[in-house]
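Numbering follows full-length UniProt numbering, with no gaps: position 3 of the sequence shown is 3.
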Amino acid sequence: MDEARPLWATPLQFVFACISYAVGLGNVWRFPYLCQMYGGGSFLVPYIIMLTVEGMPLLYLELAVGQRMRQGSIGAWRTISPYLSGVGVASVVVSFFLSMYYNVINAWAFWYLFHSFQDPLPWSVCPLNGNRTGYDEECEKASSTQYFWYRKTLNISPSIQESGAVRWEPALCLILAWLLVYLCILRGTESTGKVVYFTALLPYCVLIIYLVRGLTLHGATNGLAYMFTPKSGIPTRGSPALSLLAFQMEQLANPKAWINAATQIFFSLGLGFGSLIAFASYNEPSNNCQKHAVIVSIINSSTSIFASVVTFSIYGFKATFNYESCLNKVILLLTNSFDLEDGFLTVSNLEEVKSYLASAYPSKYSEVFPQMKNCSLESELETAVQGTGLAFIVYTEAIKNMEVSQLWSVLYFFMLLMLGIGSMLGNTAAILTPLTDSKVISSYLPKEAISGLVCLVSCAIGLVFTMEAGNYWFDIFNDYAATLSLLLIVLVETLAVCYLYGLRRFESDLKAMTGHALNWYWKAMWGGVSPLLIISLFVFYLSDYIITGTLQYQAWDASQGQLVTKDYPPYALAIIGLLVASSTMCIPLGALGTFIVRHLKRGDTASVA
């Protein structure tokens, strides 16, 4: 044991660090989307099962390894076996990729936060065209919130081939985001331990405020009802309760619901990055990491469910507002076209009056009909959005229609910023802990210099994502830099502990640390269930990539004011392959390098003898 190793001030500080790291943007913008896609309440069944058989056991495994070995990912796995050093290197590489692009989200949050103090909000109205004779054509075809995101924030290029220049405003925000991260990690656990109280607790305060506000918004119940009831197109003959049960059973039989539940649990807990191992390495050896693994897992999943209720209440308000605005436009059109008295045509009698006008004035009605909007609350609610689209388009569209919209905008983007910074503290810890553990590096550079160098390099490379084509590269890193790599890393980790280090030996270590014997549940999950589940996920993603064939992306078409699908060019496909290979190949190359070094040393010893 390294007596000089810094420690968390209290076990509670460690728990807050894990919560701050695990509870991130995926809880807010990924889980609600999955609920929407897979039957709302019925999605909770596979989600909770996957939490039990995958998330909680693997989280406990990583915390236990970090606490037992008291080193970062590279040193911890090298201690278990010299042939596993590549596993730790792979975790560092993946964490480095993640840090490069993840902090760009914090830069965007800063950008929107700064603009949230304007009245009116800059994304609430379309700008005038060059001639100042009307609104910008691209904005009118899209929407004011889409226009602000794609044109003002990203100034996005038509395709990934057209890189464009670095946008100085997002670039400055990115530098600010990295400066904030550096200040938080400057003195290791001493500074990070204080920051995590803030980054862990503040998002919950904002979510509670948003929940109260969201539930009082007009149309919030429409969003909540849509989340927990069948979508259109599901047969509803007979009892509605039986229809709901049939739909839920259909979703439970859908393998993609289970796969997405497992994936959400896996990535929302941050498994495989090395962050949890790094955090746990600063624990007292006697810390009850089993209890903390259970607490963090439950809090993380509960937050996802809680955030979904908040999101769908806001989502319902946005959909209802757009639906009623559409109806009012139809009412105004009919009132003016048929010289009806003001107030005669209302939402309640709209369909009845439309039928009358169509039969009484068929010729004129046929002229007016093409100008009428097709208003549908269900269509508004069915628009499934996740990721940046949910955070920077859907939410901003809802916020702009709230009273005191500037206040709600400031609260929302400050919450996003705290969630993002909390996750970044874990990501950077996964990189810095193995570096500071290295006697070679730490003998030449102090901890503050190592932290500054990592932040500087990550920020410099991250400027690529602030170019006009940067959002396309962001999507590439987000989709391909970690998925397969993390599955392989955690699979090797689990098999190494159970079958290389030895489950009985590890069980003995845990008993010595915590004072409690390892029960059958953890041993069954580590020894069989969790590895089989990871292998299934790995095969699914690999086959999905093969079956899909041509990899595609969504590009912004300014002439249409919408996204269009395009194929990735060959060099982008090569970079995707390089992203996956650069981390996964660390594992076999690390083992091969260790074998060669040992073989050469053995040969030198034999020759001397």
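Note that CB positions come from ideal geometry on N, CA and C, so glycine has one too.
- For Thr335, the enclosing alpha helix (DSSP H) begins and ends at Cys289 to Ser337.
- Judged by pairs of C-beta atoms under 8 Å, the region 362-378 touches the region 325-338, as three or more such pairs exist.
- By the CB criterion at 8 Å, Trp178 and Cys455 fall inside the cutoff.
- Between the region 578-595 and the region 76-93 there are three or more C-beta pairs closer than 8 Å, enough to call the two in contact.
- Taking the Cα of Tyr197 as reference, the smallest distance to any Cα among Gly66, Glu378, Ser458 and Ala17 is reached at Ala17.
- Secondary structure note for Trp149: it is in no beta strand (DSSP E), with a DSSP letter that is neither H nor E.
- With three or more CB-CB distances shorter than 8 Å, the region 298-305 counts as touching the region 19-28.
- With 16 or more other CB atoms across the displayed protein chains lying within 10 angstroms of its CB, Cys586 is buried.
- Looking only at Gly26, Arg132, Cys375 and Leu432, the smallest Cα-Cα distance to Lys329 is reached by Cys375.
- For Gln71, no beta strand (DSSP E) encloses it, and the DSSP letter there is neither H nor E.
- Distance from Asn106 to Leu417 at the Cβ level is roughly 6 Å; contact confirmed, criterion being Cβ atoms closer than 8 Å.
- Per DSSP, the unbroken alpha helix (DSSP H) holding Trp29 starts and ends at Leu25 to Trp29.
- Relative to Asn222, the option among Arg70, Thr303 and Glu324 whose CA is nearest is Glu324.
- Secondary-structure assignment with DSSP links Lys566 through a beta bridge to Tyr553.
- The beta carbon of Glu138 is closer than 6 Å to those of Ala558 and Gly561 in its chain, skipping five residues each way along the sequence.
- Here Thr483 is buried. Its C-beta has 16 or more other C-beta atoms within 10 Å.
- By DSSP's assignment, Leu128 forms a beta bridge with Tyr135.
- Linking Ala524 to Ile295 through their CA atoms gives a straight-line distance of about 20 Å.
- Rounded to the nearest whole angstrom, the CA to CA distance from Leu58 to Thr52 is 10 Å.
- In this structure Gly389 is not in contact with Ser313, their Cβ atoms being roughly 19 Å apart against a cut-off of 8 Å.
- Within the region 342-419, the complete alpha helix (DSSP H) runs of at least 4 residues fall at 350-360, 362-368, 377-381 and 395-399.
- For the pair Asn283 and Ala591, the Cα-to-Cα distance works out to about 29 Å.
- Between the region 56-73 and the region 133-148, the count of Cβ pairs shorter than 8 Å is below three; the stretches do not touch.
- Contiguous alpha helix (DSSP H) elements confined to the region 483-534 occur at 483-495, 503-514 and 520-524, taking only those with 4 or more residues.
- One thing to note: Glu397 has its Cβ within 8 Å of the Cβ of Ser143.
- Per DSSP, reduced to three states, the secondary structure at Met467 is strand.
- Residue pairing by DSSP places Val166 opposite Met467 in a beta bridge.
- Residue burial is scored here from C-beta neighbours: Trp522 has at least 16 other C-beta atoms within 10 angstroms and is therefore classed as buried.
- Shown here, Leu432 sits in a helix according to DSSP, grouped into three states.
- Here Arg505 is exposed. Its C-beta has fewer than 16 other C-beta atoms within 10 Å.
- Pro158 sits close to Ala555, with the two beta carbons spaced by under 8 Å.
- Separation of the CB atoms of Leu435 and Ile450 is rounded to 5 Å, and the pair is thereby assigned contact status at 8 Å.
- With distances taken between CA atoms, His599 lies nearest to Tyr83 out of Ala430, Gln118, Tyr83 and Leu377.
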